[in-house]
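**Student:**
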Amino acid sequence: MARTKPQQVTTPRRITGADDRDLEQQKAERRAARAKRRRYAGRLGWGGQFSGRAAVEDTGTVYTGPSTQAAAIYPFLLGAGLPPRGVPVGRDVLTGELVAIDPSGWTGKLTTNPGVWVMSQPGAGKSALVKRMCLVYCAYGYMVCVPGDVKGEYSQMVSELGGSVIRIGDGASRINPLDSGPLKGRLATMQPAQRDSLLDVLNGRRLETLGALLSTKNGLGRSPNEIERSALNTAVQIASDASEGADPIIPDVISVLRHAPEALRAKLAADGDAYLALTRSVIAGLDNLCDGPLKGLFDGPTTTPLDLHAPAVSVDISGLRARGNDVISAGMIATWAYAYSSIDSARSIGMMNRKLVLPMDEMWRALRSGPGLVDAMDAISRLNRTTDDVTIYVTHSILDSESLPTEEDRNKARGLMDRCDTWVLGASSSEELQRVTGKRALTEQERMMITSWSSATSTGLDTSDQVHPGRGKYLIKIGTRPGIAAATELTPTEARLYQTDNNQTEIGDNRS
């Protein structure tokens, strides 16, 4: 009888609810692992059929090419945005990002100085941007100082800020170019050493102011020579000593020169006819400053002193426009010297520690007035990094700096541009932008954009509803960084304050 092999019988194991959960968790983990493998390829690529897996890892190849060819594979064609701090300019015309300008806050970080060069064609809104900077910086505690407002366009804004407006011309007020400002009445209370030091500085400023005024066509028409400057220096000191606590005026200096005191004759080593020959021209030049077109402007004590505690100050010389450009030039020199000397003197004795915003609008007039104002602007631009004063130069063209009579003065004007790390360019012609490229590198796209802003949008007869394409558009250049293009929209209050053409009522219209 054959022996049969016993068979094994496996009894199926009973699956419980806990086992079901374990199986589901395992399946979920396997699905997650497969999804992860599908999402991230290995170093050699995807595995499996038709997956393109590489047998050997490629070390890669470096290709180079110009931006015109590689632009499609190199999309980073825009400069990095500016920090959203300071004065809001508007929206980036390409990205819609908020663009702000802060020359004071950028100093030592993005720039080396707080100077700003603003340039565009007339009517593109330069003054609107400058006034917005003044308003916002005033809210930050800066003092807005407009030393010579030729068109009177800042007066309303300064008044509504609670500031002080001094009007010169047409019998309104008078400024003494030799005014000591806040030092008046304080010199007698100072220690002798400090008083003598401040008097030396003050008399030096007075001499520079007289020299600048004499260089205008209403004075000598030229800068005083070395002998005339020596005579003026001594005469100013003698007149100052004789004023007994008051400020000397130009007629006092003329009187000293006419009477020829011994100290003055000894200084010039001349007497009699020789003395008259040396001083005749400078006396005649000073007489011209007190008579003729300038009569009643700078020939007496200051009628309205500068309020250095006000949030903003402006010297309005729009009343001089009817007297001609030569009178305006003399007025700008006198008011700039008076305003900045007063502020500098107040700082020297601790009466003022606020920073300034100095909008130098109508700069083309200043540059064409002669070396006096160029020297003043040159001195201010060299000190603003120390004082952190925001100085804003506003002009129409780089060629304005070439209108000065001597190469020395033209070099000083060029230096003003070079010391401005921040440039704001509005609508300009292609020829002008070629000149700008010599100072600031502009890409072809930047030049095309700015040029497009200067083109008319319509050639029809009815242009009443047309807006200049470059109105309120600016390209902000900081050093060699790519420019940031921004478009400004004025608030109703700004539109009311910023009007520079009373015949226009459109919001944002600005003719300067």
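Just so we're aligned, residue 313 is where the sequence shown starts under this note's numbering, counting upward by one.
All C-beta atoms, glycine included, are put in the ideal place defined by N, C-alpha and C.
All of these numbers come straight from a predicted model, not from anything done at the bench.
1) Ile790 and Thr734 - do their beta-carbons sit closer together than 8 Å?
2) Going by DSSP in three states, Thr423 sits in which element: helix, strand or coil?
3) Which residues bound the alpha helix (DSSP H) around Arg577?
4) For a test of the three-state rule: what should DSSP assign to Met664, helix, strand or coil?
5) Do you know offhand how far Gly820's Cα is from Gln468's?
6) Would you call Gly653 buried or exposed, if buried means 16 or more other Cβ atoms sit within 10 Å of its Cβ?
7) Can you name the start and end residues of the alpha helix (DSSP H) that Arg747 belongs to?
8) Which residue comes first and which comes last in the beta strand (DSSP E) that contains Tyr705?
9) Do you know offhand how far Leu473's Cα is from Ile640's?
10) Excluding the 5 residues flanking Ala851 on each side, which residues of the same chain have their C-beta closer than 7 Å to its C-beta?
11) Thinking C-alpha only, which one of Cys602, Glu806 and Gly784 is nearest Val405?
12) If you follow the beta strand (DSSP E) that Ile790 is part of, which residue opens it and which one closes it?
13) Could you name the residues of the same chain whose beta carbon sits closer than 8 Å to that of Thr423, not counting the 5 residues immediately before and after it, in chain order?
14) Let's see if you can read the secondary structure: which residues bound the beta strand (DSSP E) around Val411?
15) Considering only the alpha carbon of each residue, which of Val594, Gly636 and Tyr650 lies closest to Thr615?
16) Just to confirm, is the Cβ distance from Val470 to Ala624 under 8 Å?
17) Using a threshold of 8 Å, state whether the C-beta atoms of Ala551 and Pro560 are closer than that.
18) Put Leu728 into one of helix, strand or coil per three-state DSSP.
19) What is the DSSP secondary structure of Val442, reduced to helix, strand or coil?
20) Give me the Cβ distance between Val462 and Leu544, rounded to the nearest whole Å; I'm assuming they're in contact under 8 Å.
21) For Ala269, which of Ala347, Val736 and Ile539 has the nearest alpha-carbon?
22) Pick helix, strand or coil for Gly357, following the three-state DSSP scheme.
23) Going by the DSSP bridge assignment, what does Cys457 pair with across the sheet?
24) Please state the DSSP three-state secondary structure of Leu670.
25) Give the range of the alpha helix (DSSP H) segment to which Leu598 is assigned.
26) Relative to the C-alpha of Ser767, which candidate in Leu754, Gly531 and Ala739 has its C-alpha closest?
27) Assuming Thr707 contacts Ile487 (C-beta within less than 8 Å), just tell me the rounded distance between them.
28) With DSSP collapsed to three states, give me the class of Val477.
29) In the DSSP output, which residue or residues are listed as bridge partners for Asp404?
30) Does the Cβ of Thr371 have 16 or more other Cβ atoms within 10 Å, making it buried, or fewer, making it exposed?
31) Using the Cα positions of Thr528 and Thr376, report the straight-line distance between them to the nearest angstrom.
32) How far does the beta strand (DSSP E) with Met469 in it extend, from its first residue to its last?
33) Secondary structure at Val428, three-state DSSP: helix, strand or coil?
34) Rounded to whole angstroms, how far is the Cβ of Asn425 from the Cβ of Arg731, which I believe are closer than 8 Å?
35) Run through DSSP, which three-state label would Val779 get?
36) CB Met760 to CB Leu787, shorter than 8 Å?
**Tutor:** In this structure, then:
1) yes
2) strand
3) Glu574 to Leu580
4) coil
5) Low confidence applies here, because Gly820 scores a pLDDT of 38, under 50, leaving its location unreliable; read the following figure in that light. Straight-line Cα distance between these residues: approximately 16 Å.
6) According to the sequence shown, residue 653 is Ser rather than Gly. Buried, since its Cβ has 16 or more Cβ neighbours within 10 Å.
7) Ser742 to Thr749
8) Val702 to Thr707
9) 26 Å
10) Residue 851 is absent from the structure shown; the chain starts at 313 and stops at 824.
11) Gly784
12) Lys785 to Ile790
13) Pro415, Asp733, Thr734, Ile790 and Gly791
14) Leu410 to Ile413
15) Tyr650
16) yes
17) yes
18) helix
19) helix
20) The Cβ separation is near 28 Å, so there is no contact.
21) No answer is possible for residue 269: it lies beyond the span of the chain, which begins at 313 and ends at 824.
22) strand
23) Val625
24) strand
25) Gly584 to Cys602
26) Ala739
27) No, Thr707 and Ile487 are not in contact; Cβ-Cβ is about 25 Å, not under 8 Å.
28) strand
29) Ala798
30) exposed
31) 59 Å
32) Here Met469 belongs to no beta strand (DSSP E); instead the alpha helix (DSSP H) covers Ser467 to Glu472.
33) strand
34) 6 Å
35) coil
36) no
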